[in-house]
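Just below is one structure, and these are the notes that go with it.
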Amino acid sequence: MNLENLIKENVVKAISELYEGTVAESAVQVQKTRKEFEGDVTVVVFPFLRTSRKSPEMTGEDLGKYLVERVDVVSDFNVVKGFLNLVINEAHWIGVLNDANANPEYGYTKVTEESPLAMIEYSSPNTNKPLHLGHIRNNLLGFSISEILKANGYKVVKTNIVNDRGIHICKSMVAWQKWGEGATPESTGKKGDHLVGDFYVKFDKEYKKEIAELMEQGMSKEEAEAEAPSIKDAREMLRKWEAKDPEVYELWRNMNQWVYDGFDVTYKKMGVDFDKIYYESDTYLVGKDEVMKGLDQGLFVKHEDGSVWADLESEGLDQKILLRSDGTSVYMTQDIGTAKLRFNDYSIDKMVYVVGNEQNYHFQVLSILLDKLGFKWGKDLYHFSYGMVELPQGKMKSREGTVVDADDLMQEMIDVARTTSQELGKLEGYTEEQAEATFEKIALGALKYFILKVDPRKNMLFNPEESIDFNGNTGPFIQYTYARIQSVLRKAKDAGIEVPEAAPVVTPSAKEIELLKNISRFPVAIADAGKDYSPAIIANYCYELVKEFNQFYHGHAMLKEENEEVRAFRLVLANCVGKVVENGMKLLGILVPERM
RNA sequence: GGUCCUGUAGCUCAGCUGGAUAGAGCAACAGCCUUCUAAGCUGUGGGUCCCAGGUUCGAGUCCUGGCAGGAUCACCA
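The following block contains the structure:
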């Protein structure tokens with residue numbers, strides 16, 4: 000049993016024995032003792048005064064005496080105002096260390112056959128342009144939350160719904176046909192997603208020009224926007240696509256394939272992956288069917304013009320369109336179709352959608368609709384809603400060219416990592432491949448940590464200069480601590496000093512106990528992160544742990560410690576911190592280097 | 001206008017279901033490498049926790065009302 004529950008349980012017992020009263024275990028507050036007081040954990044006694052009918056001080060004294068007497072691990076106590084500070088004995092902390100070391104998956108909950116299945120949808124790109132910084136936040140959050148749910152004992156299926164059809168891709172196709180001159184990724188040496196993105200931009204430029212010309216000829220803005228030749232071509236292209244025109248279909252297949260090949264490179268660099276990919280071109284018709292079925296069941300209504308609507312006014316929402324008057328599907332229809340396919344493919348207990356907060360309303364509606372249509376997870380689907388990424392100069396706008404491209408950003412960070420690392424000259428003896436792999440770990444560690452350490456719900460500011468900083472509360476600082484530990488362990492091995500499986504019982508210093516307390520909090524951090532869907536909790540935990548370790552490192556010799564037991568204890572401790580850091584960072588999708 | 005989210009140091013962010021004197025990093029300044037990796041450590045300065053009420057032993061945290069910023073309310077996705 001963990002310490003907190005043990006104490007809670009005994010406080011409840013104490014109150015019933017001392018005062019013949021009852022309090023719920025949940026009413027017992029156990030927290031870390033603040034630095035300025037003596038003790039390890041603190042019980043707040045205020046909630047018990049009504050039962051004890053004594054002053055806070057006396058109640059604290061009563062409980063303290065009881066706990067010291069009855070609970071092995073409690074060795075001493077003191078009472079300050081209404082706070083009962085308990086001193087926990089060394090054996091307990093060393094026990095924490097040995098438990099953590101004995102279990103290679105310390106802090107993780109095992110996944111079994113009976114574990115619930117969570118499906119996480121993330122990434123979900125359009126296929127008309129390359130990934131940018133906004134997608135990076137999405138992908139990192141999606142991947143990390145998948146790892147965190149796994150660590151909390153879920154079977155996890157990572158999924159991606161690729162937005163591969165629609166007017167947006169037709170725009171790129173039209174532009175390619177008109178101005179592409181047969182360009183391919185091979186002929187231009189350009190990454191496929193960037194090539195297709197260039198044509199999307201080209202389309203927009205020409206379209207704008209046409210609008211301006213038409214307006215000069217006296218058209219209104221709305222008219223010009225509808226009548227410009229380019230947009231008409233794109234619409235025509237979409238019609239042909241829906242009619243499965245062979246030529247259009249082949250072009251569509253080709254251009255999408257270029258994009259997928261490009262995305263694969265980006266995903267790989269980013270270190271994210273998927274177990275199952277769905278394509279909108281496969282799901283939109285399924286969605287239509289579901290809506291028609293719902294219509295038959297009387298869940299939806301058909302208007303005179305033929306459009307189909309869901310009336311959600313009884314839920315406090317509006318009317319929502321599900322099929323246009325021409326029978327084509329909208330965004331919501333596709334999401335219903337995708338849900339249907341997933342429902343058939345997996346036995347889903349928890350569905351998580353990692354999608355930006357601009358779609359909060361969409362998911363509120365989707366949840367209700369899926370529930371009406373009989374998906375058991377519809378009602379409590381989780382929209383993992385995250386905030387936007389802003390730049391120091393404001394929002395990113397693709398049309399104004401202020402987007403930060405994902406590939407460029409990662410490459411830039413790798414370049415900076417290389418330069419910094421070479422200046423510090425710590426990778427001597429590494430082959431070029433080993434060194435490059437390390438630069439990449441550091442660069443991506445910096446980027447991922449920078450993004451994941453902030454609360455996902457909040458909009459975040461991405462300052463390129465700060466993100467590339469490797470000092471302070473950063474990914475590389477945490478990686479550095481890991482590398483430091485590995486360096487010591489390597490040297491121990493070289494010197495023939497053994498790191499034992501179990502730590503000998505020594506009297507730890509205050510700083511060592513602080514470290515052990517931090518180690519004991521790892522399982523709690525994982526549980527909290529799972530409950531709140533928050534990689535930030537893991538990031539902050541890792542930071543606190545390594546900060547504590549670095550303080551320990553400066554004040555405590557390991558290899559040079561003469562007392563063999565103390566030396567062994569410290570090596571076990573360092574080894575354990577390294578392991579926890581590695582496993583913690585893994586939950587963020589961040590790799591740790593052996594040297595840096 | 002309706003709904004939802006956010007507001008903490010100059011800047012970027014923590015602060016667990018309400019608990020003791022609100023914490024980090026960056027930036028500034030001052031120290032620490034002949035000693036296990038200085039991408040580190042130590043110290044100094046820096047706050048009306050947006051404002052006003054309320055709930056109670058106790059509020060950055062909960063409630064109400066403001067203020068400011070953002071999102072959304074399409075036969076766009």
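In numbering that gives the first Met the number 0, the protein residues as written are 0 to 595.
Note that beta-carbon positions come from the ideal geometry of N, C-alpha and C, so glycine has one too.
When the Cα atoms are used, G106 and D406 turn out to be separated by approximately 34 Å. In this structure, L139 is the residue among L139, D232, V155 with its C-alpha nearest to the C-alpha of V271. For the 9 Å CB-CB criterion, W257 and L194 form a contact.
Under the three-state reduction of DSSP, E593 is assigned to coil, being neither helix nor strand. The three-state secondary structure of W376, taken from DSSP, is coil. Segment contact: the region 410-418 against the region 381-394, fewer than three CB-CB distances shorter than 8 Å; contact not assigned. The three-state reading of DSSP puts E389 in strand, counting E and B together. Cβ neighbours of K128 within its own chain (closer than 6 Å, five residues either side excluded): G196, Y199.
In the same chain as I347, and ignoring 5 residues on each side of it, the C-beta atoms closer than 7 Å to its own belong to L116, M118, R341, W376, in chain order.
Taking all protein chains shown into account, D192 has 16 or more neighbouring C-beta atoms within 10 Å of its C-beta and is therefore buried. Excluding sequence positions up to five before and after M57, its CB lies within less than 8 Å of the CB of S51, all in the same chain and listed in chain order.
By the 16-neighbour rule on beta-carbons within 10 angstroms, K440 is buried. Between V40 and K31, the C-beta spacing is below 9 Å.
Excluding its 5 nearest sequence neighbours in each direction, H134 has C-beta neighbours in its own chain below 8 Å: S122, P124, A405, listed in chain order. Bounds of the beta strand (DSSP E) holding K154 are 154-161. DSSP places N470 outside both helix and strand once states are collapsed to three, so it counts as coil. The straight-line gap separating the alpha-carbon atoms of L408 and A13 is approximately 59 Å. DSSP places N359 in the helix class (H, G or I) of the three-state scheme.
As for any alpha helix (DSSP H) of minimum length 4 sitting wholly inside the region 219-264, the runs are 220-226, 228-241, ordered along the chain.
Between the alpha carbons of A442 and T419 lies a gap of roughly 11 Å.
Residue state for H382 is assigned as strand, using DSSP reduced to three classes. Less than 9 Å divides the Cβ of K154 from the Cβ of S114. Bounds of the alpha helix (DSSP H) holding L544 are 534-554. Here D295 is not bridged, per DSSP, to any residue. At a Cβ-Cβ threshold of 9 Å, E120 and V353 count as neighbours. Between N97 and S74, the CB-CB gap reaches or exceeds 9 Å. Looking at the DSSP output, N462 sits in no beta bridge, so it has no partner there. Taking Y266 as the centre and dropping the five residues before and after it, the same chain places the C-beta of D272 closer than 7 Å to its C-beta, in chain order. L488 and L572 have their alpha carbons spaced roughly 11 Å apart. For F82, the uninterrupted beta strand (DSSP E) segment begins and ends at 82-87. For Q30, the beta-bridge partners assigned by DSSP are T41.
L294 sits away from I367, with the two beta carbons spaced by 9 Å or more. The region 165-176 makes contact with the region 245-253: 3 or more CB pairs, one atom from each, lie closer than 8 Å.
Collapsing the DSSP output to three states places Q216 in coil. Within the region 322-362, the runs of beta strand (DSSP E) that reach at least 3 residues and sit entirely inside it are, in chain order, 349-355.
C-alpha of D325 to C-alpha of K457: approximately 39 Å in a straight line.
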